[in-house]
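Chains V and X supply the protein sequences, listed in that same order. All letters in the first sequence, in the order written, are residues 382 to 715 by this note's numbering. All letters in the second sequence, in the order written, are residues 382 to 715 by this note's numbering. From the three backbone atoms N, C-alpha and C, an ideal C-beta is built for every residue, glycine too. Have a look at the structure below before the remarks.
2 protein chains.
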Amino acid sequence: MAKKGKNGIIHLENSPYILSYAAAVGKKEGEGPFAAYFDCVDMSPSPDGCSWEQEESGLQQKALHTALKKGGFEASDIDILYAGDLLNQSISSTFGLREFGIPFVGLFGACSTMSLSLSMASLAVDSGAAEKAAAVTSSHFCTAERQFRTPVDYGGQRTPSAQWTVCGSGAVIVGKSGKVRICDILLGKITDLGQTDANNMGAAMAPAAADTISRYLDATETEPSDYDMIVTGDLGTVGSQLLHELLIGTGIDISLVHKDCGMMIFDLEKQDVHAGGSGCGCSASMLCGYILRKMEEGELKNVLFCATGALMSTTSSQQGESIPGICHAVHLTA
Amino acid sequence: MAKKGKNGIIHLENSPYILSYAAAVGKKEGEGPFAAYFDCVDMSPSPDGCSWEQEESGLQQKALHTALKKGGFEASDIDILYAGDLLNQSISSTFGLREFGIPFVGLFGACSTMSLSLSMASLAVDSGAAEKAAAVTSSHFCTAERQFRTPVDYGGQRTPSAQWTVCGSGAVIVGKSGKVRICDILLGKITDLGQTDANNMGAAMAPAAADTISRYLDATETEPSDYDMIVTGDLGTVGSQLLHELLIGTGIDISLVHKDCGMMIFDLEKQDVHAGGSGCGCSASMLCGYILRKMEEGELKNVLFCATGALMSTTSSQQGESIPGICHAVHLTA
Chain V
382 MAKKGKNGII HLENSPYILS YAAAVGKKEG EGPFAAYFDC VDMSPSPDGC
432 SWEQEESGLQ QKALHTALKK GGFEASDIDI LYAGDLLNQS ISSTFGLREF
482 GIPFVGLFGA CSTMSLSLSM ASLAVDSGAA EKAAAVTSSH FCTAERQFRT
532 PVDYGGQRTP SAQWTVCGSG AVIVGKSGKV RICDILLGKI TDLGQTDANN
582 MGAAMAPAAA DTISRYLDAT ETEPSDYDMI VTGDLGTVGS QLLHELLIGT
632 GIDISLVHKD CGMMIFDLEK QDVHAGGSGC GCSASMLCGY ILRKMEEGEL
682 KNVLFCATGA LMSTTSSQQG ESIPGICHAV HLTA
Chain X
382 MAKKGKNGII HLENSPYILS YAAAVGKKEG EGPFAAYFDC VDMSPSPDGC
432 SWEQEESGLQ QKALHTALKK GGFEASDIDI LYAGDLLNQS ISSTFGLREF
482 GIPFVGLFGA CSTMSLSLSM ASLAVDSGAA EKAAAVTSSH FCTAERQFRT
532 PVDYGGQRTP SAQWTVCGSG AVIVGKSGKV RICDILLGKI TDLGQTDANN
582 MGAAMAPAAA DTISRYLDAT ETEPSDYDMI VTGDLGTVGS QLLHELLIGT
632 GIDISLVHKD CGMMIFDLEK QDVHAGGSGC GCSASMLCGY ILRKMEEGEL
682 KNVLFCATGA LMSTTSSQQG ESIPGICHAV HLTA
């Protein structure tokens, strides 16, 4: 039974656990500082006739197949599959995962999808609706770039605040036993401070992260120092700096425990990604590659995982709208 | 506590109920046979400078505001808001609902979103994660037409199998008491028989509806005649005929109790909508306008609500992909 608490926090009293997880990434991510943690790194060029969108669907397939295999499960063991991605009508997920034949809940949380899908899968298991549930998401540099910005072949100059969409996918299987427990979740509110620069996603998402993290700490009466890591999804260097400033303004200093998946996944000095990595696959592959591994090994015990998303489309930006953000928090303990 | 049953059915043992609901529709829907049942019918031209996307967001705002008002609630009474729509990155929902400040779960289920969001809201209340949860969705003829098909001004000839996207939105508030109870839900699987005609959504979605309805009847050991109405979302005339044929092939005859929101909302003889209405807003406004009203009044007692969605994008169709469908079922009793 879940229990609603202060600020809308949801305490999961039946304690769902992480049963299995896997991360599949592309070439550039496989050359980054966390390469050794990813289950599948694809260094090969795609077969002829395979579109970038199909490649991205393939990343989701690999991540879910591997998570099932590592846990010793079949697709038919999974009761509900929660998934979404950045593409119009979430085609990476629907086309990538249709072959599994699992009851499917499509989500849209932009780059916050890993914490959103993990929240929903945890709630399903906690409530008894599912014995086992899976959460999957992905992103791909070329599919995102051509959909949201400019044709990839055009080779446009990127601004210093721009981030590099990660080619990657993460899959988590949630069930009733394991080493890592999902304790509680806080679903984010749509937060919009009027930022309109589509080349500065970090600034658009930072206010949502600040809102969710401060509401979470308040609801649980905890301090940043109570966590081994408060990890955001893909704020990058610009958004992370803004997050610190916004929180300091409310008397909260997370700088000693804060990490951002967008600043971790690439070598910011050497890999020419400007403000860092981004995309649903960024926090997904860091969670399912590095973070959950370190939790299982006991090196990290208490992690607040806060993936962040920017909820705009090219249409909304062309119509002069600002960029709303959202951040969902999941508290994990080992 | 929810209980997982045969075929993945989820029995909601704490019996969440419909607390309030409202439907907001456009001019054409307000001239159809169910006009009297909609809470808001907008006959006025939009203000200058208002885009069609903003109009669609406005329909969601009206539906949710009205549902809150009818129930005597404030936005702050709602713990979780589940919403989604057809537009790229679900902008009708994110821009329409950001002002409410409710913790937000974005969903993507295409035209199945009303039964998906209602399922998720019901599970949240049943599990204790929320005291009250809301489910909202919408569609708009002009936003859908220009995004998925041709520029509206172009006035292209429509095929006989084409459907007319409904301008409409529905909002439901789920809580712990009321006249209409949500008994159980069955989440759909992605179903794809290889249909590729983007002007024939009914044919793409009918196999998913057949799969979900037959699995539901099997799981509950019930017959079509046990229901006052088995209602699909927007199969239209072509998809409804196919659904009947697919089910007859498995020994199930739903023809006496089957209704399709797409065939109900417009006068198919007089309103020139070809195969019927479609869009998330079609089943949403029929549920929140007509069906729930008739259930509260006692005229309908036992309804299986099965909204259906087609999960393609223009990109997937341009790449030659087929059109996968999905159908989620919600069992309502008065």
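In the DSSP annotation of this structure, the continuous segment of the alpha helix (DSSP H) that includes threonine 475 of chain V starts and ends at 472-478. Phenylalanine 485 of chain X has X:Leu462 as its beta-bridge partners, per DSSP.
Within chain V, the C-beta atoms nearer than 7 Å to that of arginine 479 of chain X come from Ile571, Asp573, Pro705, in chain order. The beta carbon of glutamine 528 of chain V sits closer than 7 Å to those of Leu468, Asn469, all from its chain and outside the five residues before and after it, given in chain order.
The beta strand (DSSP E) runs of length 3 or more contained entirely in the region 523-586 of chain V are, from start to end of the chain, 549-556, 561-567. Counting only Cβ-Cβ distances below 8 Å, aspartate 460 of chain V has contacts in chain X at Lys385, Gly389, in chain order.
Leucine 568 of chain X reaches chain V at Ile461, Pro484, Phe485, Val486, counting residues in chain order whose Cβ is nearer than 8 Å. By the C-beta density criterion, proline 588 of chain V is buried, having at least 16 other C-beta atoms within 10 angstroms. Around the beta carbon of cysteine 687 of chain V, 16 or more other beta carbons sit within 10 angstroms, so the residue counts as buried.
For leucine 623 of chain V, the enclosing alpha helix (DSSP H) stretches over residues 617-629. Look at methionine 382 of chain V here: in three-state DSSP terms it is coil, with no helix or strand label.
A residue is called buried once 16 or more other Cβ atoms fall within 10 Å of its Cβ, and methionine 586 of chain V is buried on that count. Proximity of chain V to threonine 696 of chain X at the Cβ level (cut-off 9 Å) is accounted for by Ser432, Glu434, Leu468, Asn469, Gln470, Ile472, Thr524, Gln528, in chain order.
Distances from the alpha-carbon of glycine 549 of chain V to those of V:Gln538, V:Asp565, V:Ser474 put V:Ser474 closest. Comparing alpha carbon positions, the residue from V:Leu567, V:Gln441, V:Gly679, V:Lys384 closest to aspartate 599 of chain V is V:Leu567.
Nearest to leucine 616 of chain X by C-alpha distance, out of X:Gln435, X:Ala516, X:Val506, X:Ser664, is X:Ser664.
Check the Cα spacing between arginine 539 of chain X and each of X:Gly551, X:Glu526, X:Val547: the tightest is with X:Glu526. Beta-carbon to beta-carbon, serine 508 of chain V and serine 508 of chain X are separated by about 3 Å, close enough to satisfy the 8 Å threshold. According to DSSP, lysine 640 of chain V shares a beta bridge with V:Val612. Listed along chain X, the residues sitting closer than 7 Å to glutamate 702 of chain V by beta-carbon distance are Phe476. For leucine 400 of chain X, the three-state secondary structure derived from DSSP is strand. Closer than 8 Å at the C-beta level to chain V, one finds these residues of the region 507-519 of chain X: Asp507, Ser508, Gly509, Ala510, Ala511, Glu512. Histidine 446 of chain X sits in a helix when the DSSP states are folded into three classes. One finds nothing in chain X with a Cβ atom closer than 7 Å to the Cβ of methionine 495 of chain V; even the nearest lies about 14 Å away. When the five nearest sequence neighbours on each side are left out, the beta carbons in the same chain lying within less than 7 Å of the beta carbon of glycine 407 of chain X are those of Asp423, Cys548, Gly549, in order along the chain. The three-state reading of DSSP puts threonine 518 of chain X in strand, counting E and B together.
Its Cα nearest to that of valine 684 of chain X, the residue X:Glu604 stands out among X:Glu604, X:Cys523, X:Ser694.
At least one CB of chain V lies nearer than 8 Å to the CB of leucine 504 of chain X.
Per the C-alpha coordinates, the member of X:Ala416, X:Ala656, X:Ser396, X:Gln652 positioned closest to valine 619 of chain X is X:Ala656.
Between the region 438-449 of chain V and the region 697-706 of chain V there are fewer than three C-beta pairs closer than 8 Å, too few to call the two in contact.
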